[in-house]
Amino acid sequence: MTEETETSEDDQKSGFVPNHEAAKRRKQAKALKGELNETKDENKELLARIAALEGGKQPQVDASVKPLVKPTREQFDYDDDAYDVAIDKYYDDKFDQKLANHSTNTNQKNQQEVQQQSIEAAKKKSLDDHYERAAKLVSQGKVTEESFKGADTVVRMALEKMYPGQGNSSADALIST
Numbered sequence: 138m139t140e141e142t143e144t145s146e147d148d149q150k151s152g153f154v155p156n157h158e159a160a161k162r163r164k165q166a167k168a169l170k171g172e173l174n175e176t177k178d179e180n181k182e183l184l185a186r187i188a189a190l191e192g193g194k195q196p197q198v199d200a201s202v203k204p205l206v207k208p209t210r211e212q213f214d215y216d217d218d219a220y221d222v223a224i225d226k227y228y229d230d231k232f233d234q235k236l237a238n239h240s241t242n243t244n245q246k247n248q249q250e251v252q253q254q255s256i257e258a259a260k261k262k263s264l265d266d267h268y269e270r271a272a273k274l275v276s277q278g279k280v281t282e283e284s285f286k287g288a289d290t291v292v293r294m295a296l297e298k299m300y301p302g303q304g305n306s307s308a309d310a311l312i313s314t
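Reading the sequence shown from the start, the letters are residues 138 to 314 in our numbering.
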C-alpha cells in the first residue's frame, strides 16, 4: 500500500470528503431535487388528466404548449452566467404557462356558469309558460283552479316518493321539457 491509499482509507473512516467531491455531490443533489420537482409537476398533471377522464371530461391538452425542460449546468459547460440566464428564462416560461392555464380554466368556468344560467332561464321561462297556459284554461272555464292545483300537487308528491328530496325539481324538469 502506498501512503495515498492509507490516507484515503483513513479519510473514509473519519468521514472526510475532499472539496471537489463535496461540490460534485452538492451538484448531483441539486440536479436530483430539480428532477424530483419536475416529476412531481408531471405527476400532478397526470393525476389531473386521470381525474378528468374519470369525471367524463376531456383533459385539457394544448398542442401549442410544449413541456419545458429545465436547463442543467452541463448544457452550458458550467458557465454560471449562461446557466443563470437560462434558468431565469425557464422559470419565467413556467410561470407564463401556469398563468395561461389558469386564465384558460377561469374562462372555461365562466363559460360554464353562463351556460348554466341560460339553461336555468330557459327552464324558468318554460315553467312560466306552462302556468300561463294553465291560467288561460282556468279563465276559459275548461279547468277549475282547484283541480289544476290538486293535480299539480299529486304529481309532485308522487315524484317526491319516487325521488326523495327531488320531487319538485323533477316535476319542474318534466314540465319544462
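Note that beta-carbon positions come from the ideal geometry of N, C-alpha and C, so glycine has one too.
Predicted model, so just to flag it, every value in this text is computed and none were measured.
Between the options, which has its C-alpha nearest residue i's C-alpha?
i    : options                   : result
A223 : Q234, K235, E297 and P208 : P208
K286 : A271, T176 and D225       : A271
N174 : D218, K231 and K203       : K231
K203 : Q234, L296 and R186       : Q234
Would residue i and residue j be called neighbours here (beta carbons separated by less than 8 Å)?
i    : j    : result
M294 : G278 : no
S307 : S263 : no
Y220 : L205 : no
K164 : R210 : yes
Could you give the distance in angstroms between the alpha-carbon of residue i and the alpha-carbon of residue j?
i    : j    : result
T290 : V275 : 17 Å
E282 : K260 : 23 Å
A160 : D225 : 22 Å
K177 : V251 : 34 Å
N156 : A166 : 15 Å
Q212 : D218 : 12 Å
H239 : A189 : 16 Å
So is the beta-carbon of residue i under 7 Å away from any non-hydrogen atom of the ligand HEM?
i    : result
I312 : Absence of the ligand HEM from the depicted structure is noted, as is the absence of any ligand whatsoever, leaving it without description.
> Enumerated in chain order, which unbroken segments of the beta strand (DSSP E) with a length of 3 residues or greater are wholly contained in the stretch 229-292?
Replying inline: Runs of the beta strand (DSSP E) lying entirely within the stretch 229-292 and spanning at least 3 residues: none are present.
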